[in-house]
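Everything below concerns the one structure shown next.
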Amino acid sequence: MNLPRFIFLSIAYFIFPVASYFSAWFVFSNSIVIWIVSICFYLIFLYIYFTQSKNIFHVESFENRNLILVFVVALILMMIAYPVRNLNLGDGILIVENIILESNLFGYQLTLDELFEALLHSYLYLQFSHIASDPRIVYRVTSTVAGIIFIFLVMRFFKKKKFNSMFSLIIFSSGGMLLFFGYPENYTLTTLVILFFINTSLQKISEEKKGLKLLILPTIIASIAILFHLVAGYLIFPLIYLWYIASKKSTFIKNAVISAIIGIVIILPLFIYFIFFSDTRVDMSQTHIAHPPFYPVKKMFSTKHISEILSNIMFTSLVPFFIFLELIFLRRSDLKFFKAYQEFTFLIVTLIGFFIHAFIFHPLLGYPSDWDIMSFYWLPFSFGAVYILQLADYKKLFFLVTLVGLSFAILFINAIELNKPILEKEIELYRSLSTINRFLLKNQAKIKSMNPEYKKFYFKTLYFLYKIEENLEKNNNKKLFSDLKGFQDELEANIKTMSPLWQKDYINRLTIFHSEYLELIKNK
Numbered sequence: 004m005n006l007p008r009f010i011f012l013s014i015a016y017f018i019f020p021v022a023s024y025f026s027a028w029f030v031f032s033n034s035i036v037i038w039i040v041s042i043c044f045y046l047i048f049l050y051i052y053f054t055q056s057k058n059i060f061h062v063e064s065f066e067n068r069n070l071i072l073v074f075v076v077a078l079i080l081m082m083i084a085y086p087v088r089n090l091n092l093g094d095g096i097l098i099v100e101n102i103i104l105e106s107n108l109f110g111y112q113l114t115l116d117e118l119f120e121a122l123l124h125s126y127l128y129l130q131f132s133h134i135a136s137d138p139r140i141v142y143r144v145t146s147t148v149a150g151i152i153f154i155f156l157v158m159r160f161f162k163k164k165k166f167n168s169m170f171s172l173i174i175f176s177s178g179g180m181l182l183f184f185g186y187p188e189n190y191t192l193t194t195l196v197i198l199f200f201i202n203t204s205l206q207k208i209s210e211e212k213k214g215l216k217l218l219i220l221p222t223i224i225a226s227i228a229i230l231f232h233l234v235a236g237y238l239i240f241p242l243i244y245l246w247y248i249a250s251k252k253s254t255f256i257k258n259a260v261i262s263a264i265i266g267i268v269i270i271l272p273l274f275i276y277f278i279f280f281s282d283t284r285v286d287m288s289q290t291h292i293a294h295p296p297f298y299p300v301k302k303m304f305s306t307k308h309i310s311e312i313l314s315n316i317m318f319t320s321l322v323p324f325f326i327f328l329e330l331i332f333l334r335r336s337d338l339k340f341f342k343a344y345q346e347f348t349f350l351i352v353t354l355i356g357f358f359i360h361a362f363i364f365h366p367l368l369g370y371p372s373d374w375d376i377m378s379f380y381w382l383p384f385s386f387g388a389v390y391i392l393q394l395a396d397y398k399k400l401f402f403l404v405t406l407v408g409l410s411f412a413i414l415f416i417n418a419i420e421l422n423k424p425i426l427e428k429e430i431e432l433y434r435s436l437s438t439i440n441r442f443l444l445k446n447q448a449k450i451k452s453m454n455p456e457y458k459k460f461y462f463k464t465l466y467f468l469y470k471i472e473e474n475l476e477k478n479n480n481k482k483l484f485s486d487l488k489g490f491q492d493e494l495e496a497n498i499k500t501m502s503p504l505w506q507k508d509y510i511n512r513l514t515i516f517h518s519e520y521l522e523l524i525k526n527k
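Residue numbering for the sequence shown follows the numbering used here, beginning at 4 and increasing consecutively.
Encoded structure:
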């Protein structure tokens with residue numbers, strides 16, 4: 004028996020049980036349930052490991068597509084039956100407030116950070132608001148449909164590449180798949196476009212395309228992904244790698260410039276339109292383009308930050324993570340082979356790009372809220388794990404079978420738990436929606452007299468103050484109420500001739516005021 008390998012493989016089965024004991028943020032179920040499920044799969048693993056039963060788990064045993072189809076159908080049914088309703092994940096109440104407020108005021112939700120995601124979801128919400136007043140229903144439908152398309156694209160890719168279909172379960176069992184469980188956030192469609200980028204690029208590389216034949220389509224897809232969400236900007240790293248492998252020394256600069264021009268032609272006109280010409284224009288004070296929330300340099304490699312990243316990896320990429328570790332620590336001699344394989348290198352470069360994001364981007368809402376924006380690496384991670392197994396030509400998969408089974412079980416358990424709404428959050432959301440309706444009745448008529456470039460800042464700030472005003476009326480704090488009235492009057496006096504310097508100073512003072520208000524609410 005290979006003792007180091009046995010110990011290493013055993014560790015994977017106890018990640019979630021131990022995490023549940025310490026109440027880690029990524030364990031949503033009862034600790035007892037997690038322990039029972041994990042031990043059951045571990046016992047199966049032990050039985051297979053110490054008996055001849057492991058001989059039945061050959062690659063050929065899993066080439067039956069009907070077996071994979073059972074898993075896929077089960078996954079789709081779970082996506083439909085157990086949409087995420089826990090408002091502690093993602094932006095929660097805030098995203099629901101924003102889409103209702105901005106859609107009713109401006110006709111669409113506008114933010115450069117997630118331009119197409121916001122525009123599409125707000126458009127669908129307005130079109131179907133007469134039958135679905137809660138925008139989460141729109142998100143639920145788009146998320147689930149995107150998930151079904153995602154599954155189809157992965158299976159189609161595996162068929163084209165003639166990969167073992169069993170390996171697709173590594174992707175489908177990843178925690179990142181929760182994005183497609185009716186998840187109410189602006190990341191599902193972006194993930195789908197990034198998948199299309201990865202699949203297309205890998206296919207082009209395998210066809211040994213060179214020059215612009217390799218570069219044009221991936222560049223177009225990456226540019227569209229950026230329009231869906233700016234986090235796709237990290238695709239610049241795999242794009243640079245594509246420029247490198249597609250070009251001779253003499254044509255590298257030319258190909259890079261042409262690709263860059265294609266990207267600029269796709270992205271820049273839309274950004275220019277919504278910044279300078281649209282009826283409602285982007286407020287640059289409310290976008291990460293102007294104010295990127297980078298993690299403090301001194302804390303980027305702190306124990307706390309690294310533990311957050313590792314926790315998110317466990318949550319989204321348990322099986323891929325252990326497949327990579329197994330390669331690095333137990334089969335180090337194979338690394339040279341993988342380094343020489345361009346498709347695998349492309350996935351590693353993509354993975355590095357999104358890992359850079361995980362290290363430098365500051366998750367302002369913390370975890371579990373910001374798990375989604377911090378975990379885009381799960382996709383290249385999963386595909387990389389597939390390539391490790393496919394290229395290594397594994398003949399026995401016994402260690403994988405039970406681990407993938409456990410990963411599926413954890414995914415489904417989390418989905419069932421996250422499907423349960425939190426009563427306090429639902430009450431808070433109901434009150435917020437009532438506040439929005441009152442605000443719209445009182446202020447919607449002002450929209451016609453407001454300059455396009457100031458509309459978003461004015462109404463978002465006005466609503467922010469209106470919401471605080473309603474709460475302060477229930478408290479007897481004359482100082483804060485007086486300060487609030489001062490901010491409201493100052494906004495009205497300056498909005499038509501607003502200068503950037505005044506806006507910056509106003510936001511800074513308003514932030515201090517908001518901190519004092521939150522302290523009051525906390526101590527009441």
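For each residue, glycine too, the CB sits at the ideal point set by N, CA and C.
Assignment of F364 by DSSP, reduced to helix, strand and coil, places it in the strand class. Between P366 and D373, the C-beta gap is smaller than 7 Å, which places the two residues in contact. As for any beta strand (DSSP E) of minimum length 3 sitting wholly inside the segment 146 to 199, there is none.
Nearest C-alpha to K165 among I102, L333, I154 and S209: S209.
In the DSSP assignment, H124 falls within the unbroken alpha helix (DSSP H) covering L118 to F131. Annotation: Y52 to K301 spans about 45 Å, alpha carbon to alpha carbon. For F297, the secondary structure class from DSSP, reduced to helix, strand or coil, is strand. Within the same chain, F240, P241 and Y244 come within 7 Å of V352 by CB-CB distance, once the 5 residues on both sides are set aside. Along the segment 313 to 346, the alpha helix (DSSP H) occurs as fully enclosed runs of 4 or more residues at 338 to 342, listed in sequence order. T353 carries a helical assignment under DSSP once its states are collapsed to helix, strand and coil. About 6 Å separates the CB atoms of L192 and E120; that is less than 8 Å, so the two are in contact. Looking at the backbone, the Cα of T290 and that of N89 are separated by about 26 Å. Setting aside the 5 residues that flank it on each side, V389 is surrounded in the same chain by F166, F170, S171, I173 and I174, each with a C-beta closer than 8 Å to its C-beta; the list follows chain order. Counting of Cβ neighbours within 10 angstroms places F279 among the exposed residues, the total staying below 16. Contact check for F484 against L475 passes: the beta carbons are separated by less than 7 Å. Distance from F297 to E117 at the Cβ level is roughly 18 Å; contact not present, criterion being Cβ atoms closer than 8 Å. When C-beta atoms of the segment 39 to 46 are compared with those of the segment 406 to 426, three or more pairs fall below 8 Å, so the two segments count as touching.
The DSSP-derived three-state label of W28 is coil. For V268, the enclosing alpha helix (DSSP H) stretches over residues F255 to I275. Distances from the CA of L354 to each of T203, I316 and R159 were compared; the closest alpha carbon is that of I316.
In the pairwise beta carbon analysis, the segment 442 to 451 is classified as not touching the segment 197 to 214: fewer than three pairs are separated by under 8 Å. By the Cβ neighbour-count rule, S385 is buried, with 16 or more other Cβ atoms within 10 Å of its own.
Rounded to whole angstroms, the separation of the alpha carbons of L12 and E522 is 48 Å.
F160 is a Cβ neighbour of N202, given a cutoff of 7 Å. Using a Cβ distance threshold of 7 Å, Y128 and V148 do not count as a contacting pair. Inclusion of I270 and I223 in the CB contact set at 7 Å is not warranted, their separation being larger than that value.
In the DSSP assignment, E211 falls outside any alpha helix (DSSP H) and carries neither an H nor an E. For T514, the enclosing alpha helix (DSSP H) stretches over residues P503 to N526.
Our two residues, Y380 and L195, have alpha carbons roughly 13 Å apart in a direct line.
In this structure A225 touches F200 by the C-beta definition: roughly 5 Å separates them, less than 8 Å. Boundaries for V234: no alpha helix (DSSP H) harbours it, and the DSSP string shows neither H nor E there. Secondary structure at N33: coil, using DSSP grouped into helix, strand and coil.
The continuous alpha helix (DSSP H) containing G489 extends over residues K481 to N497.
Taking one beta carbon from each stretch, the segment 6 to 21 and the segment 322 to 335 have 3 or more pairs nearer than 8 Å; the two touch. In the three-state reduction of the DSSP assignment, E472 falls in the helix class. For the pair T438 and K470, the CB atoms are nearer than the 7 Å cut-off.
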